[in-house]
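**Q** Sequential numbering from 19 applies to the sequence shown in the numbering used here.
Following this message is one structure expressed as structure tokens.
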Amino acid sequence: MNDPQIRAQHLEKTAYVYLRQSSPTQVKQNVESGRRQRQMVDRVQQLGWPSTSIQMLGGDTGRSGSTLHGREDYQVLLEGVLTGQAGLIAARELSRLVRDNQDWNHLVRLCRHQHVLLLDEHRLYDPTNAQDRVVLGVAGAFNEFEIAMIIDRMLESQRQKAARGELYEGRFAPGYICR
Numbered sequence: 019m020n021d022p023q024i025r026a027q028h029l030e031k032t033a034y035v036y037l038r039q040s041s042p043t044q045v046k047q048n049v050e051s052g053r054r055q056r057q058m059v060d061r062v063q064q065l066g067w068p069s070t071s072i073q074m075l076g077g078d079t080g081r082s083g084s085t086l087h088g089r090e091d092y093q094v095l096l097e098g099v100l101t102g103q104a105g106l107i108a109a110r111e112l113s114r115l116v117r118d119n120q121d122w123n124h125l126v127r128l129c130r131h132q133h134v135l136l137l138d139e140h141r142l143y144d145p146t147n148a149q150d151r152v153v154l155g156v157a158g159a160f161n162e163f164e165i166a167m168i169i170d171r172m173l174e175s176q177r178q179k180a181a182r183g184e185l186y187e188g189r190f191a192p193g194y195i196c197r
């Protein structure tokens, strides 16, 4: 136990290590990202959790974080928090847990009330600490802003292609014959 924020009550519970990439293409092409995410298990062990108390959740890999629907491992993680089984939630990037600021703040609030720590590749957060909550809140707001900017750029690029007559969405109209 290297960090004073980690107490025996945390170590007696499960540490959930959440893995996720947004699409099957990312899973295939960004192999190093998956490796780095799995290395969070080593980080959790270094903090004091025995391997038998670490649950790696990788079933949501290849699914978008824009919705909670269909993300069974996120539901497992949430259930662990709500039932008091979780002592830690770890993810290389905590913002990968949820993409919506309201869902993010809800998760942080639940972790605060259940005394669940949060860990990313840079630091450990204690949601019961007001300063850590501020940092987590800013991170959630920034994440939502970043996603909105990415979507805006993609839509503007699509509009510009359409204006030039170069937009092709991979489907031809019914009855169209390609030669």
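Even glycine gets a Cβ: it sits at the ideal position worked out from N, Cα and C.
1) Helix, strand or coil, according to DSSP, for A159 in the structure here?
2) For G105 and V134, which I take to be in contact (beta-carbon distance under 8 angstroms), what is that distance rounded to the nearest angstrom?
3) Using the three-state DSSP reduction, which class does A108 fall into: helix, strand or coil?
4) Between L125 and L115, how many whole angstroms is the CB-CB distance? I'm expecting something under 8 angstroms.
5) Evaluate the contact criterion for the segment 25-37 versus the segment 96-111: three or more CB pairs, one atom per stretch, below 8 angstroms.
6) If you draw a straight line from the C-alpha of Q178 to the C-alpha of R61, how long is it?
7) Consult DSSP for R35 and reduce its assignment to one of helix, strand or coil.
8) Select from P145, N161, H140 the residue whose C-alpha is nearest the C-alpha of D118.
9) Hey, does E139 have any beta-carbon neighbour from chain E nearer than 8 angstroms?
10) Could you give the DSSP three-state label for Q57: helix, strand or coil?
**A** So, to answer that:
1) helix
2) 6 angstroms
3) Of the three classes helix, strand and coil, the one that applies to A108 here is strand, per DSSP.
4) 6 angstroms
5) yes
6) 45 angstroms
7) For the sequence presented, residue 35 should be read as Val rather than Arg. Three-state result, V35: strand.
8) Check the Cα spacing between D118 and each of P145, N161, H140: the tightest is with N161.
9) Although the question refers to chain E, the structure presented lacks it and comprises just one protein chain.
10) coil
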